[in-house]
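Here the numbering used here = 1-based position in the sequence shown + 3.
Every residue, glycine too, gets a C-beta built ideally from N, C-alpha and C.
Notes for the one structure printed next.
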Amino acid sequence: MASHPAPQLWDPSRGIRFSGAVRAVVVYPTINLSKFYSTVAVGEKEKLEVGSPVEKQPLQVQPAGTQEVKDVVLNTPGSVDATVKPDPPSTSLEYNISEKAFRDAQAAAEGSPESFWSYAMYRGPIVDGAEKRVKVHYCRTKHTSERACQYFLDEKVLGFDLEWAPNANKSEGARRNVSLIQIASPSRISLFHVALFPDGELVAPSFKKIMEDSEVTKVGVAIKADCTRLRNYLGVDSKGLFELSHLYKLIKYSSSGQPHLVNKRLAPLAQLVEEHLRLPLYKGAVVRGSDWAQPLDMGQIIYSASDAYAGLQLYHVMEEDRQAMSPTPPRPFHAELNLPIRLADGVTESSTDEEAEAVEPELEADTAAVTPLPTSIAEAVRESLQVEQDGDPKSAEAVVDAEATPKKQVSRAPGAPKTPGTPISKDSRVIAAESWVAEYCASKKTSVVAPPRAIRAYRIWHENKALDPDGVARLLREPPLKTNTVTGYILEAVRCEKLPFEKPRLRSEVLSLLSKELLEGRYRSVVKAAEDDD
4 MASHPAPQLW DPSRGIRFSG AVRAVVVYPT INLSKFYSTV AVGEKEKLEV GSPVEKQPLQ
64 VQPAGTQEVK DVVLNTPGSV DATVKPDPPS TSLEYNISEK AFRDAQAAAE GSPESFWSYA
124 MYRGPIVDGA EKRVKVHYCR TKHTSERACQ YFLDEKVLGF DLEWAPNANK SEGARRNVSL
184 IQIASPSRIS LFHVALFPDG ELVAPSFKKI MEDSEVTKVG VAIKADCTRL RNYLGVDSKG
244 LFELSHLYKL IKYSSSGQPH LVNKRLAPLA QLVEEHLRLP LYKGAVVRGS DWAQPLDMGQ
304 IIYSASDAYA GLQLYHVMEE DRQAMSPTPP RPFHAELNLP IRLADGVTES STDEEAEAVE
364 PELEADTAAV TPLPTSIAEA VRESLQVEQD GDPKSAEAVV DAEATPKKQV SRAPGAPKTP
424 GTPISKDSRV IAAESWVAEY CASKKTSVVA PPRAIRAYRI WHENKALDPD GVARLLREPP
484 LKTNTVTGYI LEAVRCEKLP FEKPRLRSEV LSLLSKELLE GRYRSVVKAA EDDD
């Protein structure tokens, strides 16, 4: 008579297994559900590579031989009592989210500007009776970027993110493909606006040193793809890259007793923020469709700074969660090493590097509704924003962006050229258009999709027959906006808001300036609407 092996409690391919003559209840570890509490943010969009299907893993329960168990409630993230409010996340960092700001955001109406997460909610140690705020350095030259980088040289972990121009292609060069670089430490965030850097001066030496140092961990979502752009367009060979999605998957599925679901597929930043920083991520109005070739406005500064800072805070929150697990799984390797994720028992996940490229497609820029900037956040940013200027570093400490807060005009010597990007005195046509835009947005019963600046440009063009897009560009700013920027604004307003237009004029003044790719792609519906009547 053949002997039967004793029932095995652990099987490397299945995890805990109850089988044999005696059937037992499958018991999973207790999950702290407050860590996974999440609601869905409306109008969210993520800067992830387009082209691969999104991974949205449902909670999967594997069938197993069990006794019938009655009167048991399975708590899943979707079944958490919505009235239970999670506590603010905290780490060992000096800078943590203000509990008051966190509670105020929780109490705010869902989807309102005040309900969203932002770096401006974080506070540091008390100095001279006041809590320190996170400082933002906005740099528009290689020289000022080099100076700002000095603050980050001793950091071992930095948040990292990248922005680029909508519809940028490989032939358009560095400024459109690496328009804005964001790095973050606990106390500071730097925005390097490469799109505005002078020719031939796109990479600060200290930035290159930081990015190529494998001992400095740079954290973010889809960070390998971002750093591929740095290598291709700026010649920066980044090392020490940490993909937050890998740590997120490791913690989530190890804690839920589903280690077989751990893989390298990317998760949206907004999903990580909601689950681990416990507030939805604020994106505002069509930020991803922004014209990053122009000086940043207040909203763009807040959104871009928040992305990099979110990555940094997520790393520390999730790292402390990982270290608290028993048994403790190893930290995932740096992403550029292309090594598998290790589980606590020594088993590795099985996804390939090709599967790791599967990410959520980036939402079209027109999917987010226009949302006003929260006053509390705007005020906090005004106090901490520093626009770096060439010259004496000490003088830059007091500089505040004109977009962030009003400042007195500095007189120029007669004949001296104006600073690039200087707004000119408002023409009555601009004032009239802005007034109309305000009324239009207030009167809409549904969300306004196109950004206000696009609607303003459309209104100026539509109401002034003598102005073509080039004329509108000159009216709005000195030196003028690029003509293709204005044509893009006009078409976005028409496409998103279904605003009226004269067909012959739109064809001759606007559509005639577009590439075949845009005519047959993004603006195909506008082209069709502008066709001659039968």
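Taken in chain order, the complete beta strand (DSSP E) segments of 3 or more residues contained in the segment 211 to 247 are 220 to 223 and 244 to 246.
Nearest C-alpha to residue 90 among 106, 521 and 206: 106. Here DSSP, grouped into helix, strand and coil, assigns residue 392 to coil. In chain order, 504, 506, 509, 510 and 514 place their CB closer than 8 angstroms to the CB of residue 533, counting only its own chain and leaving out the 5 sequence neighbours on each side. If you draw a straight line from the Cα of residue 116 to the Cα of residue 166, it is about 22 angstroms long. C-alpha of residue 269 to C-alpha of residue 247: approximately 8 angstroms in a straight line. With a threshold of 16 other beta carbon atoms within 10 Å, residue 438 falls short and is exposed.
With 16 or more other Cβ atoms from the protein chains shown falling within 10 Å of its own Cβ, residue 257 counts as buried. A direct Cα-Cα distance of roughly 43 angstroms separates residue 188 from residue 474. Residue pairing by DSSP leaves residue 296 without any beta bridge partner.
Residue 266 is classed as buried because its beta carbon has at least 16 other beta carbons within 10 Å across all chains shown.
Within the same chain, and ignoring the five residues on either side of residue 122 in sequence, the residues whose Cβ sits closer than 7 angstroms to its Cβ are 137, 192, 308, 309 and 312.
Beta-bridge pairing by DSSP links residue 142 to 195. Counting along the chain, the unbroken beta strand (DSSP E) around residue 184 starts and ends at 183 to 187.
Separation of residue 119 and residue 102 (C-alpha to C-alpha, rounded to the nearest whole angstrom) is 14 angstroms. Taking C-beta separations shorter than 8 angstroms and ignoring five residues to either side along the sequence, the partners of residue 129 in its chain run 135, following chain order.
CA-to-CA, the gap between residue 156 and residue 94 works out to about 22 angstroms. Residue pairing of residue 161 in beta bridges, as defined by DSSP: 221. Bridge partners of residue 99 according to DSSP: 126. When DSSP states are grouped into helix, strand and coil, residue 167 belongs to the coil group.
Partner residues in the beta bridge of residue 136, as assigned by DSSP, are 126. In the three-state reduction of the DSSP assignment, residue 516 falls in the helix class. Membership of residue 438 in the alpha helix (DSSP H) is indicated by the continuous run 431 to 446.
For residue 531, the enclosing alpha helix (DSSP H) stretches over residues 527 to 532. Spanning the alpha carbons of residue 229 and residue 180 requires a straight line of approximately 10 angstroms. Here residue 284 is bridged, per DSSP, to 120. Secondary structure of residue 345 (DSSP, three-state): strand. In the structure shown, residue 190 adopts coil according to DSSP, grouped into three states. Going by DSSP, residue 179 is part of the alpha helix (DSSP H) stretching over 177 to 180. About 7 angstroms separates the Cβ atoms of residue 463 and residue 478, confirming a contact at the 8 angstroms cut-off. Residue 204 and residue 293 have their alpha carbons spaced roughly 23 angstroms apart.
Taken through DSSP and simplified to helix, strand or coil, residue 266 comes out as coil.
Per DSSP, reduced to three states, the secondary structure at residue 114 is coil, with no helix or strand assignment. For the pair residue 92 and residue 279, the Cα-to-Cα distance works out to about 7 angstroms.
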